[in-house]
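Below: one structure, written as structure tokens.
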Amino acid sequence: WLLAGEGPVFAMTILISVLVIACPCALGLATPTAIMVGTGIGAQHGILIKSGEALELAHTIDTVVFDKTGTITEGKPRLTDIRPLRARGVSESELLTLAAGIEQSSEHPLGEAIVNAARERNLSLPEVQEITALPGRGIRGRLGGEILLLGNEALMAEESINIDDECRSDIEALSAEGKTVMLLAHNGTLLGLLAVADTAKAESPKAVAALHRMGLKVIMITGDHQKTAEAIARTTGIDQVLAEVHPQHKAQAVKELQDSGHKLAMVGDGINDAPALVQADIGIAMGSGTDVAIESADMVLMRSNPMDVVTAIELSRRTIRTIKQNLFWAFGYNVLGIPIAAGILHLFGGPLLNPMIAAAAMSFSSVSVVTNALRLKTFKPEIRAIKAHKIDEHITEDL
Numbered sequence: 001w002l003l004a005g006e007g008p009v010f011a012m013t014i015l016i017s018v019l020v021i022a023c024p025c026a027l028g029l030a031t032p033t034a035i036m037v038g039t040g041i042g043a044q045h046g047i048l049i050k051s052g053e054a055l056e057l058a059h060t061i062d063t064v065v066f067d068k069t070g071t072i073t074e075g076k077p078r079l080t081d082i083r084p085l086r087a088r089g090v091s092e093s094e095l096l097t098l099a100a101g102i103e104q105s106s107e108h109p110l111g112e113a114i115v116n117a118a119r120e121r122n123l124s125l126p127e128v129q130e131i132t133a134l135p136g137r138g139i140r141g142r143l144g145g146e147i148l149l150l151g152n153e154a155l156m157a158e159e160s161i162n163i164d165d166e167c168r169s170d171i172e173a174l175s176a177e178g179k180t181v182m183l184l185a186h187n188g189t190l191l192g193l194l195a196v197a198d199t200a201k202a203e204s205p206k207a208v209a210a211l212h213r214m215g216l217k218v219i220m221i222t223g224d225h226q227k228t229a230e231a232i233a234r235t236t237g238i239d240q241v242l243a244e245v246h247p248q249h250k251a252q253a254v255k256e257l258q259d260s261g262h263k264l265a266m267v268g269d270g271i272n273d274a275p276a277l278v279q280a281d282i283g284i285a286m287g288s289g290t291d292v293a294i295e296s297a298d299m300v301l302m303r304s305n306p307m308d309v310v311t312a313i314e315l316s317r318r319t320i321r322t323i324k325q326n327l328f329w330a331f332g333y334n335v336l337g338i339p340i341a342a343g344i345l346h347l348f349g350g351p352l353l354n355p356m357i358a359a360a361a362m363s364f365s366s367v368s369v370v371t372n373a374l375r376l377k378t379f380k381p382e383i384r385a386i387k388a389h390k391i392d393e394h395i396t397e398d399l
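1 is the number of the first residue of the sequence shown in full-length UniProt numbering; add one for each residue after it.
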């Protein structure tokens, strides 16, 4: 303006107005205010979000992978069947006593179900020595110097223990009912089998239906028998099942899904889920899960409710939408304000922007961004507003 022949006061007024208008306060507030409010809203809904990055990334998810036990199911299995092989001359009580004896020091939910059943019957449990957990297969110990095994078909095959046709038929039938079957062998001889059932959480079918409404694919990963997993998947409407996956291979399964182009969230609660939670784009742990799983996750569902997975993704989408709105208004303010402050209106006979008005406009832009971020406080999970019968209709469609 000095070169154009205007005086120093005029040029200084333009300079101050441009500096004030160009202040990037609104741009600087656009993202962190929305993230801060979003994480606070998550906490109000029982979702601990450990970082702003996790909240931002969750909106990109296209696939949700659930662990089965304790995540999709209650994680409180109960013993339903005790089937000794008739040819072995073992009674139900004897079979249960041996199984509970090897599981009495176990913290696994399936083991606890067996031990609880034995205690309900007031059975005296034997002292089993040299107990060793075999992840993804079962447990091994010694009783009277002889090897005692309790586990799945893979463990029996590994130990060269024969499974007759009668037993295989029972395994197939019980697995088809969604039960987890465990085989008991003593001194190289199969004695019988026990079956444990873990029912799906009441919220699981609703959560799966809600995720489908959001356009997401739902996968369940488990070490259980294929038919057991498929039975649970049918009752909950899950799209795909990855069954008989050893704990140490869960992270690899997640990586393979990522390599195929999926952005995924892993939801789990156990120690063996921790590597998969770390591998996933977003790791989500149940609040009732192990400390290792909670430490490994990006988000923690304090109520251990599968519906909160839906809420977390909805909140992320709403937060990102708010951030985009904030950035739009902040950029728009600068795009419009700077030319006016530079005197473009004056060129066409209009007024010159007073620095005080520029300061007020700058303050207003920052306040508008913060106010828009605070609108997140009105967030309510959309799916919770859907009437129950509509959710049930979608569950039926998925099934």
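We put the CB at the ideal spot given by N, CA and C, even for glycine.
- Scanning the segment 256-295 from its first residue to its last, the whole alpha helix (DSSP H) runs of 4-plus residues come out as 274-279.
- Contact between V181 and L174 holds, since their C-beta atoms are separated by about 5 Å, short of 8 Å.
- The continuous stretches of alpha helix (DSSP H) do not include R78, which lies in the beta strand (DSSP E) extending over residues 78-84.
- Secondary structure in the segment 130-176: the beta strand (DSSP E) runs of 3 residues or longer, each lying completely within the stretch, are 138-143, 146-151 in chain order.
- When secondary structure is reduced to three states using DSSP, Q104 falls in the coil class, being assigned neither helix nor strand.
- In the pairwise beta carbon analysis, the segment 287-296 is classified as touching the segment 268-275: at least three pairs are separated by under 8 Å.
- About 52 Å separates the Cβ atoms of P247 and G332, ruling out a contact at the 8 Å cut-off.
- Along the length of the segment 208-254, whole alpha helix (DSSP H) runs at least 4 residues long occupy 226-236, reported in chain order.
- In this structure, the alpha-carbon of P126 lies about 25 Å from that of I163.
- Annotation: P109 to T60 spans about 34 Å, alpha carbon to alpha carbon.
- Under the 10 Å beta carbon count, F379 is surrounded by 16 or more other beta carbons and is classified as buried.
- Within the same chain, Cβ atoms closer than 7 Å to the Cβ of A34 are found at T319, T322, I323, N326, A373, L376, the five residues on either side in sequence being excluded.
- It is roughly 11 Å from the alpha-carbon of A113 to the alpha-carbon of L96.
- For D308, the closest alpha carbon among the candidates P205, V369, M362, D224 is that of P205.
- Rounded to whole angstroms, the gap between the alpha carbons of I340 and H212 is 49 Å.
- Going by beta carbons, D67 and M266 fall inside the 9 Å limit.
- Each residue's CA atom was taken as its position, placing A207 and S260 some 25 Å apart.
- The continuous stretches of alpha helix (DSSP H) do not include G192, which lies in the beta strand (DSSP E) extending over residues 189-197.
- When the beta-carbon positions are compared, T236 and A200 come within less than 9 Å of each other.
- When DSSP states are grouped into helix, strand and coil, D67 belongs to the strand group.
- As the crow flies, the alpha-carbon of H262 is around 21 Å from that of G52.
- With a minimum length of 3 residues, the unbroken runs of beta strand (DSSP E) contained wholly in the segment 25-51 fall at 47-49.
- Under the three-state reduction of DSSP output, A297 falls in the coil class, being neither helix nor strand.
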